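In the numbering used here, the protein residues as written are 1109 to 1215.
Printed below as a string of structure tokens:
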């Protein structure tokens, strides 16, 4: 074996070439620009969501309560249980106890 040959250097060079051919990473500057542009869009969509929720509450509150219940069902936690029970109470103010019992019986 030759004294000038370094197999680890050759292997390192080979792996770097292979990695470069598999993935071409996006420059960090592009990622930073994408993240900074996303923030103002969220603020505009928050306003739109708020307007939609307000209109839904005014036009059909039961539909809004059903939407709250569906959203709360996605994750089991104490806070979500309270939200579901509150929405059921608001949806069925006269028969809220039966509505809550029936809902949890089905689950």
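Just so it is clear, CB atoms sit at the ideal spot from N, CA and C, and this is done for glycine as well. The model shown is predicted, which means the values in this text are computed figures rather than measured ones.
Buried or exposed by the 16-neighbour rule on C-beta atoms within 10 Å, applied to residue i
i: residue 1195; result: buried
i: residue 1252; result: Residue 1252 lies beyond the range of the chain shown here (1109 to 1215); nothing can be said about it.
i: residue 1205; result: exposed
i: residue 1179; result: exposed
i: residue 1182; result: exposed
Residue span of the alpha helix (DSSP H) that contains residue i, given as start and end
i: residue 1214; result: 1204 to 1214
i: residue 1169; result: 1169 to 1180
i: residue 1193; result: 1186 to 1199
Anticipated Cβ contact below 8 Å, residue i with residue j, distance rounded
i: residue 1199; j: residue 1170; result: 6 Å
i: residue 1176; j: residue 1191; result: 6 Å
Sequence-distant residues of its chain with Cβ nearer than 8 Å to residue i (five each side left out)
i: residue 1153; result: none
i: residue 1193; result: 1208
Chain-order list of residues whose beta-carbon lies under 7 Å from that of residue i (same chain, five-residue window excluded)
i: residue 1115; result: none
Neighbourhood of residue i by C-beta, 6 Å cutoff - its chain only, sequence neighbours within 5 removed
i: residue 1172; result: 1164 and 1165
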